[in-house]
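Peer 1: From first to last, the protein sequence lines stand for chains A and B.
Okay, so the first sequence: first residue is 460 according to our numbering, each after it adds one.
Okay, so the second sequence: first residue is 27 according to our numbering, each after it adds one.
Ideal Cβ placement from N, Cα and C applies to all residues, glycine included.
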Amino acid sequence: MLLNLVIGAVRVPPGEVLGILLDHAGLPAPFEFTRQHEAVVWNIRVPRTLLALVVGAGLATAGCALQGIFRNPLADPGIIGVSSGAALGAVGVIILGVSPLGTWTTPAAAFAGGLALTLAVYALSRRDGRTEVVTLVLTGVALNAIAGGVIGFALFFATDAQLRNVVFWQLGSVGGATWAAVRPAALLALIALVPLMRYGHRLNLLALGEREAYHLGVDTERLRLEVIGLAALATAAAVSFAGIISFVGLVVPHMLRLMLGPDHRRLLPASALLGAAAIALADLAARTVVAPAEMPLGVVTALAGGPYFLWLIHRTRRAQGGWG
Amino acid sequence: MRLEARGVTFRAGPFALVRGATVAVEPGELVAVVGANGAGKSTLLRLLAGDLRPAEGEVLLGGRPLGSFRAAELARLRSVLPQQSRIEFSFTVRQVVEMGRSPHLSGRAAPASHAAAVEAAMRAADVAALAERAYPGLSGGEQARACLARVLAQETPVVLLDEPTAALDIRHQHQVLTVIRGLAAKGRAVLAVVHDLNLAAAYATRVVAMHRGVIAADGPPAEVLTAEVLSRIYEHPVEVVRAGSPERLVVLPRHEVAAGA
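#1: Shorter than 9 Å from the beta carbon of A/Trp782 to some beta carbon of chain B?
#2: Note down, in chain order, each residue of its chain lying with its Cβ closer than 7 Å to the Cβ of B/Leu1, except the 5 sequence neighbours on either side.
#3: By the 10 Å Cβ neighbour count, where 16 or more other Cβ atoms means buried, how is A/His674 classified, buried or exposed?
#4: From the DSSP secondary-structure annotation, give me the bridge partner or partners of A/Arg590.
#5: So what does DSSP say about A/Ile703, is it helix, strand or coil?
#6: Take A/Thr577 as the anchor and find which of A/Leu547, A/Glu671, A/Phe616, A/Gly702 has the nearest alpha-carbon.
#7: Please classify A/Ala752: does DSSP put it in a helix, a strand, or coil?
#8: 9 Å is my cut-off, CB to CB: does A/Asn531 come that close to chain B?
#9: Counting only beta-carbon atoms, is A/Arg716 nearer than 9 Å to chain B?
#10: Let me confirm a value: A/Trp770 is counted as buried when at least 16 other C-beta atoms fall within 10 Å, else exposed. Which label applies?
#11: Under DSSP, the beta strand (DSSP E) around B/Val185 begins and ends at which residues?
#12: Could you name the residues of the same chain whose beta carbon sits closer than 6 Å to that of B/Gln180, not counting the 5 residues immediately before and after it, in chain order?
#13: Would A/Gly783 be called buried (16 or more neighbouring beta carbons within 10 Å of its own) or exposed?
#14: What separation, rounded to the nearest whole angstrom, lies between the Cα atoms of A/Val641 and A/Asp742?
#15: Please classify B/Met27: does DSSP put it in a helix, a strand, or coil?
#16: Excluding the 5 residues preceding and the 5 following B/Ala143 in the sequence, name in chain order all residues of the same chain whose CB lies nearer than 7 Å to its CB.
#17: Given a limit of 7 Å on CB to CB distance, which residues of the segment 662-691 of chain A reach chain B?
#18: If you measure between the beta carbons of A/Gly527 and A/Leu665, is that distance less than 9 Å?
#19: How would you list, in chain order, the residues of chain B whose beta-carbon sits under 7 Å from the beta-carbon of A/Pro721?
#20: Would you verify that the beta carbon of B/Ala38 is, or is not, closer than 9 Å to some beta carbon of chain A?
#21: Secondary structure at A/Leu618, three-state DSSP: helix, strand or coil?
#22: Within 10 Å of its beta-carbon, does A/Arg504 have 16 or more other beta-carbons around it, so buried, or fewer, so exposed?
#23: What is the residue span of the beta strand (DSSP E) that A/Ile554 lies within?
#24: Using alpha carbons as the reference points, say which of A/His773, A/Ala569, A/Leu709 lies closest to A/Gly764.
#25: Below 8 Å on the Cβ atoms is my contact criterion, and I expect B/Ala215 with B/Pro108 to pass it. Report the Cβ-Cβ distance as a whole number of Å.
#26: Out of curiosity, what's the CA-to-CA distance linking B/Lys212 and B/Asp77?
#27: Would the segment 716-732 of chain A and the segment 667-685 of chain A be scored as touching if the rule is three or more Cβ pairs under 8 Å?
#28: Is B/Ser111 helix, strand or coil when you go by DSSP?
#29: Within the continuous alpha helix (DSSP H) that includes B/Thr69, where are the two ends?
#30: Count the other C-beta atoms from every protein chain shown that fall within 10 angstroms of the C-beta of A/Pro473, then say buried if there are 16 or more, exposed otherwise.
#31: Between B/Val122 and chain A, is there a C-beta pair that is closer than 9 Å?
#32: Please state the DSSP three-state secondary structure of B/Phe36.
#33: For B/Arg258 versus B/His281, is the C-beta distance shorter than 9 Å?
#34: According to DSSP, is B/Ala243 part of a helix, a strand, or is it coil?
#35: Given B/Phe41, which residues of its chain have a CB within under 6 Å of its CB, disregarding the five upstream and five downstream residues?
#36: Which runs of the alpha helix (DSSP H) fall wholly inside the segment 630-709 of chain A and span at least 4 residues, in chain order?
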């Protein structure tokens, strides 16, 4: 994390970074620093790093919770439509060229789109007050496809400049982070993540099976509604400010399950920490690998996450002797 | 605590899987439910467990309609062993059995009493030696016993078991049914779906025979497990003899192929 603050187009020594941070914390700074370095660190790198941490924690914890809810280690936050809904919202306002909220327009539209599509997935899967996991997943697939189609249709009418904007938004980045963006993102993520941590025990019971969890006293329908709602909120907070960042929500909980075992009471907080660290690291790579240019964050996570996922598929298939 | 179904009917689409079934389980009883495939045994068990809501009739637990209980409340009163449990994540057997204590965790019981209940349940289901093994890696019979241990750890006055012996070898079949009969002897109300009629004859205090969604017979094993009743509900000729030492009921289905042929 300190590296995130030190390294960049302008190199600021670690001592100076520490001095700047202490100074802003209202403490006496033992290190000298220049005004220019202070501006770079405090106004650009600190918010950027914080946004990376928030986004990583949000996506990974949401992924972990959803894998628990779907009783499937291969679920990811996209499965309930948050990501494609957010993309739909963002692309919509970019193509229409409207900005009633100024710089807030894209995040706000993405956030609303993400939550709206998740609600639609949930509402369409419900029958007689019950939702089955299979129906939920299939409805998610259907609505994701429809959202993708609508986005494609909209892009057909887009200008080159708009296309460029859309592509870069979809690839994901925390580069545009400002204090103004970090505050709401962090607040929304906290609102979702703090309560999510309390669902570990119930998610463990759900792992035994839907009926078994009910026999052990879990109101499974309510559990599903609450966890999906909170996970959608965490994911929407992340993607609306940083765009689509793939694979973190899938891969981070999975790595942790291999390291810590299947207990969700430990997996949820660990996912938040490792997710935050993973995105901060990925952002560091995004900024430095092709310096002075920047790679989109989604590219880094996909290029690192994709091969890992492949390996995971093969390992799972070997271990189970097939999917049957 | 008494569990009873009064005239329950359950439909899946146009088919009535259970029709007008009335049955009660009293404390101290081990009721075996027998019948052909598709006779409605598991559906009846799921209605009694509260998994399914009857279209007609009602299920009462301790005289109170099942629908008026919260899930957490119900979990302290009745436990359920489903036919098979697939667990995707690799919890150990001990972790699975500990989850059986979950309904009691909000109570005032000391941590030591939970640990003791878990150990006792694992010993009773003969999975203590498997405690640290991962559940998904166990054989079918071992998984079934681990799930039984989880149900035993729940320590409820009403226990519902769907084919607790289906995947087990002879030794474990008898070991498990002895444990289950012991629950009844301690005053629990136990109902189990049992496929093996000889096991039902040996261990049940009462047998309920189902045929095409309807309860065809209900009474002591010697009255229900007769050639006449069994031939009718299985739609296949069945003989019942007394044999062995000590003498006991033995059910012999008729077959076309001569012995040793």
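Peer 2: Short version:
#1: Residue numbering aside, residue 782 of chain A sits at position 323 when the first sequence is read from its first letter. Bear in mind that a pLDDT of 46 at A/Trp782, under 50, signals an unreliable position, so the number given afterwards is only what the model happens to contain. Cβ-Cβ to chain B under 9 Å: no for A/Trp782.
#2: Since the first and last residues shown for chain B are 27 and 287, residue 1 of chain B lies out of range.
#3: Against the first sequence, residue 674 of chain A aligns to sequence position 215. Flag for A/His674 reads buried.
#4: Walking along the first sequence from the start, residue 590 of chain A turns up at place 131. As written in the sequence, residue 590 of chain A is Thr, which differs from the Arg given in the question. The partner list for A/Thr590 (beta bridge, DSSP) reads A/Arg585.
#5: Position 244 of the first sequence, counting from 1, holds the residue named residue 703 of chain A. Three-state result, A/Ile703: coil.
#6: Along the first sequence, one-based indexing puts residue 577 of chain A at 118. Comparing Cα positions, the closest option is A/Leu547.
#7: Here residue 752 of chain A is taken as the residue at index 293 of the first sequence, counted from 1. A/Ala752 falls in the coil class under three-state DSSP.
#8: What you label residue 531 of chain A is simply residue 72 of the first sequence in a count that begins at 1. Closer than 9 Å to some Cβ of chain B, the Cβ of A/Asn531 qualifies, so yes.
#9: Against the first sequence, residue 716 of chain A aligns to sequence position 257. Interface residue, yes.
#10: The count along the first sequence starts at 1 and reaches residue 770 of chain A at position 311. Exposed, because fewer than 16 other Cβ atoms sit within 10 Å of the Cβ of A/Trp770.
#11: Against the second sequence, residue 185 of chain B aligns to sequence position 159. First-last of the beta strand (DSSP E) with B/Val185: 184-188.
#12: The sequence position of residue 180 of chain B within the second sequence is 154, counting from 1. Cβ neighbours of B/Gln180 beyond the five flanking positions: Ser105, Gly126.
#13: Counted from its first residue, the first sequence places residue 783 of chain A at position 324. Confidence at A/Gly783 is low in this model, with a pLDDT of 39, below 50, so the placement of that residue is unreliable and no value is reported for it.
#14: Here residue 641 of chain A is taken as the residue at index 182 of the first sequence, counted from 1. Here residue 742 of chain A is taken as the residue at index 283 of the first sequence, counted from 1. Straight-line Cα distance between these residues: approximately 15 Å.
#15: The residue you call residue 27 of chain B lines up with position 1 of the second sequence. DSSP places B/Met27 in coil when its eight states are reduced to three.
#16: Here residue 143 of chain B refers to the residue found at position 117 of the second sequence. These residues qualify, in order along the chain: Arg127, Ala179, Glu181.
#17: Asn663, Leu664, Ala666, Leu667, Gly668, Arg670, Glu671, Tyr673, His674, Leu675, Gly676, Val677, Asp678
#18: Counting from 1 along the first sequence, the entry for residue 527 of chain A is found at position 68. Counting from 1 along the first sequence, the entry for residue 665 of chain A is found at position 206. The answer is yes: Cβ separation under 9 Å.
#19: Against the first sequence, residue 721 of chain A aligns to sequence position 262. Those within 7 Å of A/Pro721 in chain B are Phe115, Ser116, Phe117.
#20: Here residue 38 of chain B refers to the residue found at position 12 when the second sequence is read from its first residue. It does not: the Cβ of B/Ala38 has no partner Cβ on chain A nearer than 9 Å.
#21: Counting from 1 along the first sequence, the entry for residue 618 of chain A is found at position 159. Note that residue 618 of chain A is Thr in the sequence shown here, rather than Leu. A/Thr618: coil per DSSP, three-state reduction.
#22: As a working note, residue 504 of chain A is residue 45 in the first sequence. Buried.
#23: Taking the first residue of the first sequence as position 1, residue 554 of chain A is located at position 95. It is not in any beta strand (DSSP E) - A/Ile554 instead sits in the alpha helix (DSSP H) that spans 541-555.
#24: Position 305 of the first sequence, counting from 1, holds the residue named residue 764 of chain A. Among A/His773, A/Ala569, A/Leu709, the Cα nearest to that of A/Gly764 belongs to A/Leu709.
#25: As a working mapping, residue 215 of chain B is identified with position 189 in the second sequence. As a working mapping, residue 108 of chain B is identified with position 82 in the second sequence. With 8 Å as the limit, B/Ala215 and B/Pro108 do not qualify as a contact, their Cβ atoms being about 18 Å apart.
#26: Within the second sequence, residue 212 of chain B is the residue found at index 186, counting from 1. Within the second sequence, residue 77 of chain B is the residue found at index 51, counting from 1. Roughly 26 Å between the two C-alpha positions.
#27: no
#28: Start at 1 with the first residue of the second sequence, and residue 111 of chain B comes out as number 85. Here B/Ser111 sits in coil by DSSP.
#29: One-based indexing of the second sequence puts residue 69 of chain B at position 43. It spans 67-75 - the alpha helix (DSSP H) in which B/Thr69 sits, taken as one unbroken run.
#30: The count along the first sequence starts at 1 and reaches residue 473 of chain A at position 14. A/Pro473 is exposed by the Cβ-count criterion.
#31: Mapped onto the second sequence, residue 122 of chain B falls at position 96. At least one chain A Cβ lies under 9 Å of B/Val122.
#32: Working through the second sequence from its first residue, we reach residue 36 of chain B at position 10. If DSSP states are grouped into helix, strand and coil, B/Phe36 belongs with the strands.
#33: For the purposes of this step, residue 258 of chain B is taken as the residue at position 232 of the second sequence. For the purposes of this step, residue 281 of chain B is taken as the residue at position 255 of the second sequence. Not closer than 9 Å, so no.
#34: Taking the second sequence and counting its residues from 1, the one referred to as residue 243 of chain B is at position 217. Reduced to three states, the DSSP call for B/Ala243 is strand.
#35: Locating residue 41 of chain B in the second sequence gives position 15, counting from the first residue. Counting only Cβ-Cβ distances below 6 Å, and skipping sequence neighbours, we find nothing.
#36: 638-655, 659-666, 669-674, 679-701
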